[in-house]
Amino acid sequence: MIVEAYVDRLDTAVAAATNGAGRLELCGPGEGGLTPSPALLRDVLAAVRIPVHVMIRPRTGDFVYSADEFVAMKDGIAMVKAAGAAGVVMGITHADGTLDVARMAELIALARPLRVGIHRAFDRAPDPELAFDQVIALGIDVVLTSGHSESAEQGIPTLARLVTRAAGRTVILAGGGVRAPNVRCIIRETGVHEVHARASDPEVFAAVVRAAHSV
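If you read the sequence shown in this note's numbering, its first letter stands for residue 2, the second for the next number, and so on.
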């Protein structure tokens with residue numbers, strides 16, 4: 002069982018690694034996470050010995066990006082590759098919420114051989130089945146999702162279906178309101194092998210890790 006920690010500071014990144022995180026999702030400050038600064042990325046990579054996946058997101062708000070923002074995402078990927086991180090996390094949609102497959106494919110090609118994850122832009126898609134088919138076709142390695150619900154706990158039925166459909170072709174990473182009291186239920190009822198939790202409070206995160214590993 003891997004518990005991925007959402008972190009946006011050096012101290013919480015170090016604490017999460019110490020408290021049993023199997024991987025970090027490193028973001029810069031901002032609602033939902035932004036591309037971190039080169040300095041933060043460098044410091045975190047120097048301080049931890051677990052894989053770090055890095056958010057590529059030029060601004061808060063929706064996932065419909067201008068040409069300039071798309072260039073900024075490319076620059077962010079280049080920074081992450083040069084720094085030596087393990088992966089990137091991203092997502093681009095059209096105005097109607099459908100995945101922008103063409104531009105995502107361009108970013109994925111640029112990111113390789115790093116691992117590539119899609120964030121909860123996946124959950125914004127109006128047709129979850131189509132979005133999942135597109136994710137598989139793109140070769141995305143990790144899908145962070147709450148099962149198209151407000152929280153992973155509420156999305157348990159959909160998460161279970163996604164795990165079955167994935168059949169090992171991609172990792173379903175259950176996220177959204179994952180806490181110690183509900184993580185066992187989420188794991189047992191969905192079959193996920195990875196969960197995603199905020200690590201802003203080290204004690205709360207450590208409790209999630211303990212609970213997840215007790216299943």
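Backbone N, C-alpha and C fix where the C-beta goes; we use that ideal spot for every residue, glycine too.
Taking the alpha carbon of residue i as the point to measure from, which residue in the options has its own alpha carbon closest?
{"i": "E107", "options": "A87, F71, A200", "result": "F71"}
{"i": "F206", "options": "V184, T191, H194, A168", "result": "V184"}
{"i": "M56", "options": "G169, A112, C186, V136", "result": "A112"}
{"i": "R60", "options": "A48, A73, R104, T146", "result": "A73"}
{"i": "V193", "options": "D202, P158, E204", "result": "P158"}
{"i": "A122", "options": "V143, L100, A200", "result": "L100"}
{"i": "Y66", "options": "A83, A96, L46, A200", "result": "A96"}
So, using beta-carbon positions, are residue i and residue j closer together than 8 Å?
{"i": "V117", "j": "A86", "result": "no"}
{"i": "F133", "j": "T94", "result": "no"}
{"i": "L145", "j": "V90", "result": "yes"}
{"i": "A198", "j": "A16", "result": "no"}
{"i": "V136", "j": "T171", "result": "yes"}
{"i": "R125", "j": "G156", "result": "no"}
{"i": "G1", "j": "S147", "result": "Since the displayed the chain opens at 2 and closes at 216, residue 1 lies outside it and no answer follows."}
{"i": "S38", "j": "G31", "result": "no"}
Leaving aside the five residues before and after residue i along the sequence, list all residues of the same chain whose C-beta is less than 8 Å from its C-beta, in chain order.
{"i": "I109", "result": "V117, L139, G140, I141"}
{"i": "A213", "result": "M2, V4, V184, R185, I188, V196"}
Less than 6 Å between C-beta atoms, sequence neighbours within five positions excluded: which residues of the same chain meet that for residue i?
{"i": "P129", "result": "H149"}
{"i": "L163", "result": "I173"}
Legend entry - Inside the stretch 145-173 only - alpha helix (DSSP H) runs reaching at least 4 residues: 157-167
Legend entry - beta strand (DSSP E) runs contained entirely in the stretch 190-214, provided each spans 3 or more residues: 195-199
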